[in-house]
Amino acid sequence: MAEKQDVVIIGAGAAGMMCAIEAAKRGRRVLVLDHGKAPGEKIRISGGGRCNFTNIHAGPKNFLSDNPHFCKSALARYRPQDFVALVERHGIAWHEKTLGQLFCDRSAKDIVGMLLTEMKQGGAALRLETAISTIERIASGFRLTTGGGAIEAASLVVASGGKSIPKMGATGLAYRVAEQFGLPVVETRPALVPLTLDPAQLEKLGALAGVAADAEVRFGKAAFREAVLVTHRGLSGPAILQISSFWREGAEIVLRLMPEVDIAAVLKAMRRTNGRQAPQTALAEILPRRLAHFFAEETRLTGRLLADLSDRAIDALAASVQAWTLKPAGSEGYRTAEVTLGGVDTRALDSKSMQARDVPGLYFIGECVDVTGWLGGYNFQWAWASGFSAGQAV
Ligand code: FDA
3 MAEKQDVVII
13 GAGAAGMMCA
23 IEAAKRGRRV
33 LVLDHGKAPG
43 EKIRISGGGR
53 CNFTNIHAGP
63 KNFLSDNPHF
73 CKSALARYRP
83 QDFVALVERH
93 GIAWHEKTLG
103 QLFCDRSAKD
113 IVGMLLTEMK
123 QGGAALRLET
133 AISTIERIAS
143 GFRLTTGGGA
153 IEAASLVVAS
163 GGKSIPKMGA
173 TGLAYRVAEQ
183 FGLPVVETRP
193 ALVPLTLDPA
203 QLEKLGALAG
213 VAADAEVRFG
223 KAAFREAVLV
233 THRGLSGPAI
243 LQISSFWREG
253 AEIVLRLMPE
263 VDIAAVLKAM
273 RRTNGRQAPQ
283 TALAEILPRR
293 LAHFFAEETR
303 LTGRLLADLS
313 DRAIDALAAS
323 VQAWTLKPAG
333 SEGYRTAEVT
343 LGGVDTRALD
353 SKSMQARDVP
363 GLYFIGECVD
373 VTGWLGGYNF
383 QWAWASGFSA
393 GQAV
């Protein structure tokens, strides 16, 4: 005899737990299955252990999708303020760090604890270390065979996340389930991920490893103004992670370091007031010293005095800093990517409920759906909002 549930949710991550809470509140018999040893593992490690649990400015413009309108409905039904109210009901202290990003004062574990408490209060069950071997459609809904026996449910919610960080249990199961039931999947790729450089570039930039600078990083129409960090493998830092979601192999990105400074004007003024210094020394007043040296070398000005430089030479030096063009070789891949771009094609889902249009009772929520947020709390907001929406419908 198979165990009977109203709703089975695969994945005890952010989206799955939110869906379980809402469905249980509506009186549904809910079981959350996860193959991991603990629920909410990505929440636990997120935001450097403090979980950037939402962004107060979150709106459809902060998400990438083949179908940019899809996320609007869920984001409007469950807003950042709704999650903040939940956090406050549980007495979890929080603060805004920057750019609308809200973090726990204490620990990301507070968010996991809050979700588990809510699930328990509503009566949603959680079963960990449970592998799912098959899923089939039956007259009353779905039948799953698991390590712990067969389970039948009228609604099946797939909340198993993307492919990012396989070491933490990411499996790509959602895409296989989508394919099994004939739903299209938009090609997936690692996103919010450091970019790598080829060996020749790394040799040139080797001395810069560890240097960080404020920059606007641009790829096509996308531009992000945050810190950039040079690493031993390439480029990282928030501005690079942001642009990695837009960048495509073979293309260049453009970095404008210290974007608010008119570097040419500053150097020309210094030429008048203190011309007997090397260009890299003058530039080091604006940029970290190693970067200043690098750009002076790039433009072959290191042996000269500022006073001897023509306007053209100063303009070229400024341009090398503020239109620094690099062609990344690749990305660090799913091993370190914070999220997976692409996923279950939203055209096959109902935007209000996350239900598959052609497979009644089957739902996809969270990261496995082709809705990917920018860095800064947007991905959790999508997990909460899509989980909430499905939770009202299952
Ligand atoms: P999530 O991946 O959280 O959960 C999926 C669950 O399904 C997991 O528990 C997994 O074990 C389970 N599962 C997978 N395959 C299974 C299978 N075959 N059988 C059974 N169970 C299975 N976002 C943000 O907004 N703010 C932040 O601060 C951060 N920080 C951050 C740091 C790091 C290091 C990473 C990797 C990611 C972030 N993110 C983030 C992104 C955020 O963690 C991510 O978008 C959400 O966790 C997605 O939630 P889901 O519930 O969709 O998947």
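Residues in the sequence shown are numbered consecutively from 3, following our numbering.
Backbone N, C-alpha and C fix where the C-beta goes; we use that ideal spot for every residue, glycine too.
- Using a Cβ distance threshold of 7 angstroms, residue 176 and residue 162 count as a contacting pair.
- Under the three-state reduction of DSSP output, residue 139 falls in the strand class.
- When Cβ pairs closer than 8 angstroms are counted between the two stretches, the segment 65–77 is seen not to touch the segment 25–43, the count staying below three.
- Residue 34 is positioned such that its CB atom lies no closer than 7 angstroms to that of residue 4.
- Between the segment 44–64 and the segment 142–161, the count of Cβ pairs shorter than 8 angstroms is below three; the stretches do not touch.
- Here residue 150 has 132 as same chain residues with Cβ atoms under 6 angstroms from its own Cβ, once five neighbours each way along the sequence are excluded.
- With a 10 Å radius around the Cβ and a threshold of 16 neighbouring Cβ atoms, residue 322 comes out buried.
- The C-alpha of residue 235 lies about 28 angstroms from the C-alpha of residue 101.
- In the DSSP assignment, residue 365 falls within the beta strand (DSSP E) that extends over 364–366.
- Taking a 10 Å sphere around the C-beta of residue 165, we find 16 or more other C-beta atoms and assign the residue as buried.
- Residue pairing by DSSP places residue 34 opposite 11 and 128 in a beta bridge.
- One thing to note: residue 55 has its Cβ no nearer than 7 angstroms to the Cβ of residue 11.
- Comparing C-alpha distances from residue 376 to each of 9, 260, 31 and 57 shows the shortest one belongs to 57.
- In this structure, the C-beta of residue 59 stays at least 6 angstroms away from each heavy atom of ligand 1.
- DSSP places residue 227 in the uninterrupted beta strand (DSSP E) bounded by 224–232.
- In the structure shown, residue 248 adopts coil according to DSSP, grouped into three states.
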